[in-house]
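Here the structure is laid out as structure tokens; the discussion comes afterwards.
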Amino acid sequence: MQGQAQQQAYDRGITIFSPDGRLYQVEYAREAVKRGTASIGIRTAEGVILAADKRSRSPLMEPESVEKIHKADEHIGVASAGHVADARQLIDFARRESQVNRLRYGEPIGIETLTKTITDHIQQYTQIGGARPFGVALIIGGIEDGEPRIFETDPSGTPYEWKALSIGANRADIREYLEEQYDEEMSLEDGIALALEALEDASSDDGLEPTGLGVATINAETETYHEHSVEELEEILETHGLLATDEDEESDDE
Amino acid sequence: MQGQAQQQAYDRGITIFSPDGRLYQVEYAREAVKRGTASIGIRTAEGVILAADKRSRSPLMEPESVEKIHKADEHIGVASAGHVADARQLIDFARRESQVNRLRYGEPIGIETLTKTITDHIQQYTQIGGARPFGVALIIGGIEDGEPRIFETDPSGTPYEWKALSIGANRADIREYLEEQYDEEMSLEDGIALALEALEDASSDDGLEPTGLGVATINAETETYHEHSVEELEEILETHGLLATDEDEESDDE
Amino acid sequence: MQGQAQQQAYDRGITIFSPDGRLYQVEYAREAVKRGTASIGIRTAEGVILAADKRSRSPLMEPESVEKIHKADEHIGVASAGHVADARQLIDFARRESQVNRLRYGEPIGIETLTKTITDHIQQYTQIGGARPFGVALIIGGIEDGEPRIFETDPSGTPYEWKALSIGANRADIREYLEEQYDEEMSLEDGIALALEALEDASSDDGLEPTGLGVATINAETETYHEHSVEELEEILETHGLLATDEDEESDDE
Amino acid sequence: MQGQAQQQAYDRGITIFSPDGRLYQVEYAREAVKRGTASIGIRTAEGVILAADKRSRSPLMEPESVEKIHKADEHIGVASAGHVADARQLIDFARRESQVNRLRYGEPIGIETLTKTITDHIQQYTQIGGARPFGVALIIGGIEDGEPRIFETDPSGTPYEWKALSIGANRADIREYLEEQYDEEMSLEDGIALALEALEDASSDDGLEPTGLGVATINAETETYHEHSVEELEEILETHGLLATDEDEESDDE
Amino acid sequence: MQGQAQQQAYDRGITIFSPDGRLYQVEYAREAVKRGTASIGIRTAEGVILAADKRSRSPLMEPESVEKIHKADEHIGVASAGHVADARQLIDFARRESQVNRLRYGEPIGIETLTKTITDHIQQYTQIGGARPFGVALIIGGIEDGEPRIFETDPSGTPYEWKALSIGANRADIREYLEEQYDEEMSLEDGIALALEALEDASSDDGLEPTGLGVATINAETETYHEHSVEELEEILETHGLLATDEDEESDDE
Amino acid sequence: MQGQAQQQAYDRGITIFSPDGRLYQVEYAREAVKRGTASIGIRTAEGVILAADKRSRSPLMEPESVEKIHKADEHIGVASAGHVADARQLIDFARRESQVNRLRYGEPIGIETLTKTITDHIQQYTQIGGARPFGVALIIGGIEDGEPRIFETDPSGTPYEWKALSIGANRADIREYLEEQYDEEMSLEDGIALALEALEDASSDDGLEPTGLGVATINAETETYHEHSVEELEEILETHGLLATDEDEESDDE
Amino acid sequence: MQGQAQQQAYDRGITIFSPDGRLYQVEYAREAVKRGTASIGIRTAEGVILAADKRSRSPLMEPESVEKIHKADEHIGVASAGHVADARQLIDFARRESQVNRLRYGEPIGIETLTKTITDHIQQYTQIGGARPFGVALIIGGIEDGEPRIFETDPSGTPYEWKALSIGANRADIREYLEEQYDEEMSLEDGIALALEALEDASSDDGLEPTGLGVATINAETETYHEHSVEELEEILETHGLLATDEDEESDDE
């Protein structure tokens with residue numbers, strides 16, 4: 001009781017510290033991230049894989065409209081978890097920054113540069129009053145100087161680089177799975193399989209439906225973003241024995 | 001009691017997160033949507049149907065002035081549910097954006113583009129202080145590159161694409177009815193009938209009165225918005241056995 | 001007790017939603033409207049009638065200065081109920097908009113156009129912080145393309161079109177009387193009589209005093225606003241047996 | 001107790017409505033008016049009379065510096081009651097508006113026009129945040145097109161026209177006296193006498209001291225503001241038997 | 001208890017009214033004035049006298065630096081009581097206004113004009129949010145058109161003209177002394193003596209020390225401000241039997 | 001208890017008065033000054049002495065970086081006590097003002113002029129909202145027209161001139177020591193000794209370490225600021241028998 | 001209990017003083033610094049050493065992306081502890097200031113100058129409302145005029161110069177270790193060893209892993225920043241017997 005009352009005293013203000021030096025609003029924004037379905041990023045020698053659980057609420061909803069994987073530039077993809085409308089703001093910001101870089105310097109923006117421009121933007125919403133923090137985490141993956149790279153942004157505005165990571169629901173379980181199974185030298189295809197296996201492992205369902213998934217890759221050679229179609233996903237799921245058996249109602253999706 | 005007191009601590013601020021990562025003001029705005037009468041959107045191969053329950057409070061009120069179905073552009077209609085004055089703001093915003101697109105690019109705005117411009121606008125009201133969120137949901141339907149499309153916007157600023165959906169009162173019941181009866185290949189006329197049946201099914205009354213309804217279609221071939229007159233509605237209701245039998249006082253409406 | 005405490009938690013903020021999706025400040029502004037004396041609007045084939053109860057507090061007060069009926073443009077009148085100073089702001093706004101329309105387009109502003117410009121203005125005061133909503137409702141009546149039309153604005157900024165309506169005190173009683181007695185085909189003179197009868201019916205006094213009334217008409221043919229003099233009103237009241245018998249102190253008012 | 005606690009919840013905010021539709025800050029500003037000494041305005045066929053109780057706190061204070069009656073323009077006087085410093089702001093505003101009118105249109109400003117410009121200014125302080133309402137009421141009297149007119153402004157920003165009125169302390173008593181004694185056809189001199197009798201009647205003292213009074217007239221013929229000297233007042237008081245008998249300490253005032 | 005809790009509810013806000021129409025912040029600022037040592041102003045036919053109790057806290061403090069009497073212009077002096085730093089702001093304001101008047105009109109500013117410019121400035125800090133009222137009262141004395149005049153400003157921004165007055169500590173006692181002893185026809189020297197006697201009368205000490213006093217005069221003939229030296233003061237005190245007998249430690253002050 | 005609760009009600013606001021006319025935030029800022037180590041200023045016929053206790057927290061900290069004595073201009077030094085970062089803001093402000101004076105008028109700024117410019121700046125932070133007061137006091141010493149002068153600024157923005165004073169910790173003890181020992185005619189060297197003796201007297205330690213001290217003088221003849229080196233201080237301390245005997249670890253400091 | 005409640009009353013406001021003259025928000029920001037892992041700065045005759053504990057949360061995280069040591073300019077390095085996103089803001093600020101100095105003056109910025117520019121920036125966030133303080137401490141080390149120098153900044157904006165210091169977790173233990181072992185004349189290599197020994201001493205683990213460390217030096221002769229590679233660190237750790245024996249999983253990191 002005592003602790004709770006004390007906590008309430010601090011979390012009303014947007015940008016102030018608690019006595020133990022924490023920013024509650026930022027921590028609550030992290031809870032908003034956990035409420036979102038999982039997204040995964042994996043880096044292999046051949047490129048970057050982004051995968052996301054994007055099950056829709058109703059068979060009448062177009063699965064494409066559940067936005068979890070976004071193309072930010074030719075060579076950069078972004079996966080998100082958390083508050084969808086907030087994610088859109090940051091994706092738009094990322095796209096503008098990417099275009100500005102091409103216009104100003106005549107070359108694609110670096111993955112690390114883009115990430116840090118975004119995290120600096122996010123940090124402002126945790127220090128300056130008059131707005132709340134962004135309730136979303138991003139995985140920013142792409143090719144920089146021929147090298148695949150993956151970064152994470154969180155609501156505090158801290159950037160981290162990963163070999164493989166997950167954000168959103170079941171983060172701990174999926175990370176443990178990735179830590180056990182990850183091999184830096186695997187192929188892009190094996191990376192996709194690992195991402196899907198990790199999602200399936202953390203899911204309470206048996207198998208995955210292609211319409212409830214989003215998968216994109218950025219190939220290190222071509223440096224090009226590719227979003228997988230439902231057909232491609234179905235084939236991959238089948239190949240790896242991950243296809244849900246009771247999937248019947250949504251298979252004829254265009 | 002405990003839980004209620006805790007909740008009160010968070011919902012006073014417009015733009016802050018609760019400890020479990022939710023934005024109460026956005027959730028309360030969703031309640032404002034539920035307080036509004038139902039609107040329905042249905043996509044068929046032949047076009048888009050928008051339908052709304054717009055019963056007026058008094059026989060002296062002009063039913064036309066109950067605004068639920070709006071023409072946003074030649075090829076786009078919008079149905080709303082929730083706070084009427086808020087809806088007007090977003091409709092005006094949509095109309096301006098549509099006109100700007102025609103002026104700037106010489107072509108009609110895309111349905112998805114328009115939707116996302118609106119949801120980005122809505123999101124700002126959930127993150128920046130000094131204003132409350134919009135207490136309204138919209139169904140934005142129209143023809144894009146010859147294809148009928150329907151999108152939903154909610155108070156958080158999240159866009160979703162649907163084959164068929166409802167917003168406002170009785171949302172769950174009407175969605176269930178639509179999930180059971182929806183057929184993507186049906187004709188525009190059958191789509192209107194389905195929408196009206198869904199409204200009637202969720203209503204406590206027996207049958208529907210044409211003056212208490214709003215129905216508009218956007219034909220995929222002509223790409224033109226058409227709002228149905230009371231006479232047209234009466235004919236359709238009669239054809240499908242949905243006409244209220246006790247409708248007597250408002251039938252002579254111009 | 002519980003409920004009251006909970007309510008207090010929400011109604012302090014100007015622009016926030018309560019957990020059940022209501023805007024308390026707007027609802028309290030509606031109470032301010034109810035505290036005002038009644039105004040009535042009636043539409044007939046021959047034109048528009050605006051009538052208002054404008055009894056003054058003292059025989060020394062000039063009844064003309066109790067502002068309830070206002071001329072907004074040659075062809076538009078406005079009746080108000082609620083906070084007088086707020087009404088003046090909206091009337092001024094209406095007059096400016098009307099003049100701007102004449103200057104810009106060389107023609108009188110439409111009744112619906114004017115109404116919606118006003119309601120959009122009102123809505124801003126319910127969503128953006130730093131100000132309270134307007135505590136007033138308006139009846140905006142006039143002639144548009146030869147047709148008499150009457151609209152209502154309320155503190156939420158919602159526009160509605162009516163055949164006949166009342167705002168302010170005794171709204172429910174007067175509306176019921178109007179619903180029973182209203183006939184769309186009656187003459188302008190009969191419309192005035194109906195409005196006065198409705199006011200008298202809802203009043204606790206026996207009969208009406210001409211100095212305590214405001215009546216204006218906008219004739220569909222001449223499209224001209226006319227405010228009735230005390231003498232004209234006295235004659236009408238006498239003709240319809242509505243003249244207060246104990247009216248003695250204020251009859252010689254200039 | 002209950003009621004009081006509830007009231008406190010609403011009156012802290014400057015510009016918000018209470019659940020019963022009242023603006024407490026405006027009502028408290030009216031209390032500030034009642035705390036001020038009385039001012040009276042009377043309209044006769046011959047002109048306008050403004051009179052005020054301006055007793056000073058100490059014989060060492062210059063009675064002229066107790067500001068209750070102000071000249072706003074050649075043809076306009078203003079009497080105030082309430083917060084003195086606030087009154088000065090509105091008087092300055094009135095003088096500027098009067099001068100602007102002369103410069104812009106080459107003619108004296110109308111009494112009604114000036115009043116409504118002032119009340120619109122006052123209303124802003126009751127709706128927009130960041131300031132409190134004006135704690136003062138004004139009687140604005142003058143000659144317009146040869147006709148004497150008197151208006152009242154209150155803290156809500158509502159304008160009313162009167163034949164005779166009082167503001168400030170003992171308002172109810174003085175109004176009752178005026179209602180009984182007022183005669184529209186009386187001379188300017190009789191009007192002064194009536195105002196002074198009304199002040200004396202409401203006062204607990206026996207008789208009035210000329211140095212504790214302010215009286216100004218605006219003559220309908222000359223359209224000129226005239227502030228009465230102590231000597232003039234003494235003579236009038238004597239003539240009407242209103243002179244205080246114990247007046248000895250301040251009679252040699254310059 | 002009840003009363004106190006109620007009071008707390010209102011005095012937190014800077015610019016709002018209490019239910020009985022008072023502005024607590026202004027009243028508390030008046031308390032800040034009372035916490036300051038006394039200042040006195042006296043008007044005689046020969047000119048204006050300003051006097052102040054300016055005892056310093058320590059013999060090491062330079063008595064000249066205790067600012068109570070200020071020269072605002074050649075012909076105007078100002079005595080203050082209350083918050084010293086606030087006084088400095090208003091004195092600077094007064095000096096600027098005086099210089100502006102000389103530059104703009106080529107003549108010295110009037111005492112009344114200057115006072116009202118200052119009180120209008122003070123009033124703003126009692127109505128507009130974002131700042132607190134000034135915690136200081138001023139006595140503004142000088143020669144206008146050959147006539148000595150003295151005005152008072154208080155934290156509400158109200159101007160009053162006096163023959164003689166005091167502000168700050170012991171105000172009531174000193175005023176009573178002045179009311180008894182004041183004679184409009186006395187000489188400037190007698191006015192100084194009266195001011196010092198009044199200070200000594202209200203003081204708990206026996207006699208006055210010249211270093212603990214500030215005295216300035218503005219002569220009606222020369223229209224020039226003169227601040228008295230410690231030596232001049234010592235002589236005057238001795239002449240009038242007001243010199244403290246135990247004054248030994250500070251007499252060698254330069 | 002009662003008193004404490006009442007106090008809490010007022011000290012939350014930055015710029016408001018308490019019922020007894022005090023500004024709590026300014027008083028709390030004075031507490032911040034008391035939390036700082038002591039600084040002393042002494043004026044002699046030969047010039048100004050500034051001295052400060054600047055013991056560092058660790059032998060690894062550079063004693064020079066403990067900022068207590070600052071050169072503001074060639075002829076002006078400033079000693080501070082209280083919040084270090086706030087002091088830096090005011091020192092920077094003082095330096096800018098000094099340079100501006102040289103540029104604008106071609107001469108060194110006066111000590112009194114500089115002090116009052118600073119106190120006016122400080123006062124703004126006690127009246128205008130949106131910032132807290134400065135938590136620092138300053139001793140501003142220098143030569144003006146050949147005369148040594150010393151001023152104090154406090155968090156309220158009040159300027160005082162002194163012959164000798166101390167600010168910060170042990171203020172009362174040190175002032176008492178200075179009052180007893182101060183002699184206006186002593187030499188600059190004796191003034192330094194007096195300052196160090198006063199610091200030693202108030203300290204709980206036996207003797208002083210030169211690295212824990214800051215001493216600067218401004219010579220009345222040369223009008224030049226001189227900051228004493230550790231070696232100079234060691235010699236002075238030894239001469240006056242004030243050198244700490246156990247000083248061993250920091251003596252070889254460069 | 002009492003104390004806690006009292007504390008809560010003050011720490012909600014960003015920029016206000018508590019009754020005992022403390023700024024709680026600044027003190028809580030210091031807690032945020034203590035929550036960060038340790039960073040160490042050591043100054044030797046040969047140059048500056050910066051070292052930091054930068055263990056990552058997961059073997060999949062790239063250790064390089066844990067930002068603790070930053071190059072600010074050719075001759076300046078910065079080590080941070082605390083809120084990572086806040087540190088980035090200050091590092092960016094430092095880099096901009098360094099570049100501006102080179103552009104404006106054609107020479108590298110001084111270490112002290114840069115530090116004080118940063119602390120002045122930090123101070124603003126503790127005095128002006130609308131933002132929280134920075135939750136980070138910095139060690140700013142570099143070569144100025146051939147001399148190695150190290151400064152500390154804390155959340156209050158106070159600058160201190162050190163011979164050797166630590167910030168972040170275990171500050172007291174590491175400082176004690178440094179005070180015992182520090183020798184100003186040691187070589188750069190010995191300084192690195194001392195920093196690592198201090199980190200190991202304060203750590204609960206046995207030995208250090210090179211991938212969990214950050215070490216940079218700025219050589220006094222070359223005046224150039226050098227960040228040590230994992231290989232270089234491994235060699236140093238082995239030489240000094242500080243290499244963790246169970247380090248196996250991350251050794252092949254590129």
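Chains as they are written, first to last, in full-length UniProt numbering: chain F, 1 to 254; chain W, 1 to 254; chain Y, 1 to 254; chain X, 1 to 254; chain P, 1 to 254; chain A, 1 to 254; chain H, 1 to 254.
Note that the Cβ used here is the ideal one computed from N, Cα and C, for glycine as well.
Excluding its 5 nearest sequence neighbours in each direction, Ala202(P) has C-beta neighbours in its own chain below 6 Å: Asn170, Asp173, Ile174, listed in chain order. Within the segment 87 to 101 of chain A, those residues whose Cβ lies closer than 8 Å to any Cβ of chain H are, in chain order, Arg88, Gln89, Asp92. About 6 Å separates the beta carbons of Ile167(P) and Ile139(P), which is inside the 8 Å limit, making them a contact pair. Boundaries of the alpha helix (DSSP H) around Tyr177(H): 171 to 181. Against Tyr182(X), the close residues of chain Y are Leu60, in the order they occur along the chain (beta-carbon pairs closer than 7 Å). Taken through DSSP and simplified to helix, strand or coil, Gly191(H) comes out as helix.
Thr217(W) sits in a strand when the DSSP states are folded into three classes. Along the segment 149 to 175 of chain A, the positions whose C-beta sits under 8 Å from a C-beta of chain P are Phe151, Ser156, Gly157, Thr158, Pro159, Tyr160, Glu161, Trp162, Lys163, Ala164, Leu165, Arg175, read in chain order. Secondary structure at Ser203(W): coil, using DSSP grouped into helix, strand and coil. Relative to Glu176(Y), the option among Gln181(W), Gly21(W), Leu60(W) whose CA is nearest is Leu60(W).
Spanning the alpha carbons of Ala137(X) and Ile76(X) requires a straight line of approximately 16 Å. Using a CB distance below 7 Å, no part of the segment 44 to 56 of chain H faces chain F. Proximity of Thr113(X) to chain Y, defined by a Cβ-Cβ separation below 9 Å, is not satisfied. Assignment of Arg22(P) by DSSP, reduced to helix, strand and coil, places it in the coil class.
The beta carbon of Phe134(F) does not come within 9 Å of any beta carbon belonging to chain H, so the residue lies off that interface. Excluding five sequence positions before and after Ser187(Y), the CB atoms of its chain that fall closer than 7 Å to its own CB belong to Thr44, Glu46, given in chain order.
Within chain H, Tyr28 have C-beta atoms less than 7 Å from the C-beta of Ser18(F), given in sequence order. Within the DSSP secondary-structure output, Arg43(H) pairs in a beta bridge with Val48(H). For the C-beta of Thr245(X), not a single chain Y residue is nearer than 7 Å; the gap to the nearest is close to 32 Å. Judged by DSSP secondary structure, Glu238(P) falls within the alpha helix (DSSP H) whose first and last residues are 230 to 239. By the C-beta density criterion, Leu103(Y) is exposed, having fewer than 16 other C-beta atoms within 10 angstroms. Listed in chain order, the beta strand (DSSP E) elements of length 3 or more contained wholly in the segment 51 to 136 of chain Y are 69 to 73, 76 to 82.
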